[in-house]
Amino acid sequence: MSKPDTTDPTVHGSCLCGAVSYQFSGIPRGFQYCHCSRCQKASGSAHGSFMFVSPEQFRWLRGADLVTRYEVPDARFYASCFCSRCGSSLPWEVKGANNIAIPAGSLDDDPGVRPRRNIFFDYRACWFEPSSELECFPEGPGRK
């Protein structure tokens, strides 16, 4: 009889140009969509998609010196980190919360968990439509 695998899963992520990469081990503490105006601006999208891990679970693998952090002056917890070469959103330490926020779009692997909630939903973009309401294509739409 073989022993069960008790090792924590390791999930990798990186920026668009590949100069920065990271990993985290174990199960994320949470995963959510945030519809606040800061997440809309930072992501250029309808919402931010973030999971959270403890600092002990997280490690930069390469390019940490290329990570630029922007602090929103009046924000209690929010910041934004990105690759100084390609501009991709990257993980950031949440001020005063003992959490690393990981933008889900920067993941290279399946984290094994899915978003569980929407926050600041009353602040969602006026043009936001749930993706389940939109037409789907397996790849880009054909020309018409």
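Quick note on numbering: full-length UniProt numbering labels position 128 of the sequence shown as 128, and the sequence is numbered without any gaps. Glycine included, C-beta positions come from ideal geometry on N, C-alpha and C. Please read all numbers here as calculations on a predicted model, not as lab measurements.
- Item | Nearest-angstrom Cα separation, counted from Ala46 out to Gly96 | 26 Å
- Phe50 and Pro9 closer than 8 Å at C-beta: no
- Option in Cys17, Phe128, Arg38 and Leu90 with minimal Cα separation from Gln23: Leu90
- Message: Taking the alpha-carbon of Ser25 as reference, which of Cys17, Phe58 and Cys36 has the nearest alpha-carbon?
- Response: The alpha carbon of Ser25 has as its nearest neighbour, out of Cys17, Phe58 and Cys36, the alpha carbon of Phe58.
- Item | Cα-Cα separation between Ala64 and Phe137, rounded to whole angstroms | 36 Å
- Item | Three-pair Cβ contact test at 8 Å for the segment 35-45 versus the segment 121-129 | yes
- Run the CB neighbour count on Cys17, radius 10 Å, all protein chains shown included, and call it buried at 16 or more, exposed below. exposed
- Using beta-carbon positions only, say whether Val113 and Val67 come within less than 8 Å of one another. At the C-beta level, Val113 and Val67 stay beyond 8 Å of one another.
- Query: Where does Pro55 land, buried or exposed, given buried means 16+ other C-beta within 10 angstroms?
  - Reply: exposed
- Contained alpha helix (DSSP H) runs [length at least 4] in the UniProt domain "CENP-V/GFA" (11-122), N- to C-terminal order: 37-43
- Proximity below 8 Å, CB of Cys39 to CB of Ser106: no
- Task: Would you please state the rounded distance, in angstroms, between the beta carbons of Ala42 and Ser84? I believe it to be under 8 Å.
- Result: Not really, about 15 Å apart at Cβ, beyond 8 Å.
- Query: Which whole-angstrom value is the C-beta distance of Asn99 and Phe52, which I expect to be below 8 Å?
  - Reply: Yes, they are in contact, since the Cβ atoms of Asn99 and Phe52 sit about 5 Å apart, within 8 Å.
- Message: According to DSSP, is Glu139 part of a helix, a strand, or is it coil?
- Response: Assigned with DSSP and collapsed to three states, Glu139 falls in coil, not helix or strand.
- Query: What is the C-beta distance between Phe31 and Pro115, in whole angstroms, given that I count them as a contact (C-beta under 8 Å)?
  - Reply: 5 Å
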